[in-house]
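In the working numbering, the protein residues as written are 2 to 297.
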Ligand SMILES: [Mg+2]
């Protein structure tokens, strides 16, 4: 057996789980968002392969860790500092200042959806995702409400730019209101229009506001150029924009899904995605090209 792939191979006594596990892996890796609906199916498979475990660890980390809890607090503490500094630099008069935030994994926590997906041996799907958002039961992430209410107290307008669909808008507004977020109404919650690119919606806000800060769990919540991960997984672009990012963007943690994961998995069937994951580990293992254990 090829040693570089051996840890990814199913162990014989677990072979029967493989099709389910691969499905769960790709699910966990493919942007899933689980539901606590009363109709939730019974769990069908324990996640136990190394690949599935990778996704499961991310969900456990995101949903339960005190570290992520603290990271959100920390990010919103930083957001307050950046907001104060940027407001202090604004010239008097002019358009009112505005803060733009993303919704999912920025101000609302969808990990109950992710957990339910794994428990049911399935991945993200638009119908189950909408079932989850229709419930309007996502909880506010730590620090988010206080920060946005502070921004309003400083004279800012708040815009929620999300790639939830128009069909999800009403339930999303209801969810945000129930979690006591400020300035939640149809004019301030901008859902997905033609695609996932948020540039046009940001520009629309900028027509009549001075945008003083943006917050999101994806770099694309700040600038669409971060969709391109072809050079050093996008890290070079982060370096190129570091000063601007530092002043005007606060990045929240999301270990479960995003452009970073899509850059490895790509599009296509679950089998194609799983093969790309295998290729990634094979090609990036430190003993690649005969320099490791087999080459010594
Ligand atoms: Mg998000």
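Note that beta-carbon positions come from the ideal geometry of N, C-alpha and C, so glycine has one too. None of these values were measured; they are calculated from a predicted model.
Is residue 216 helix, strand or coil when you go by DSSP?
Assignment of residue 216 by DSSP, reduced to helix, strand and coil, places it in the strand class.
Opposing strand residues paired with residue 141 [DSSP bridges]
BP columns for residue 141 point to 109.
Endpoints, beta strand (DSSP E) assigned at residue 99:
Bounds of the beta strand (DSSP E) holding residue 99 are 98-102.
Taking the alpha-carbon positions, what's the residue 106 to residue 215 distance?
Computed Cα separation, rounded: 14 Å.
For a test of the three-state rule: what should DSSP assign to residue 159, helix, strand or coil?
Residue state, collapsed to three classes: strand.
Within 7 Å: the Cβ of residue 129 and any heavy atom of ligand 1?
Look at residue 129: its beta carbon is at least 7 Å from all of the heavy atoms in ligand 1.
Since I believe residue 211 is in contact with residue 162 (beta carbons under 8 Å), could you give me their beta-carbon distance rounded to a whole number of angstroms?
Their Cβ separation, rounded to whole angstroms, is 16 Å, which puts residue 162 and residue 211 out of contact at 8 Å.
Grab me the residues of residue 176's own chain with a C-beta within less than 6 Å of its C-beta, minus the 5 sequence neighbours each way, in chain order.
Here the set comprises 137 and 139.
Could you name the residues that DSSP lists as bridge partners for residue 250?
For residue 250, the beta-bridge partners assigned by DSSP are 215.
Can you pull every residue whose C-beta falls closer than 7 Å to some heavy atom of ligand 1, listed in chain order?
Per the Cβ criterion, the list is 103, 104, 105, 106, 107, 217, 218, 219, 222 and 255.
Beta-carbon within less than 7 Å of residue 88's beta-carbon, same chain only, minus the 5 sequence neighbours each way: which residues are those?
Shown here for residue 88: same chain residues with a beta carbon closer than 7 Å to its own, the five before and five after excluded, namely 98, 155 and 213 in chain order.
Can you list, in chain order, the residues of its chain whose CB lies under 6 Å from that of residue 109, leaving out five sequence neighbours each side?
Here the set comprises 139.
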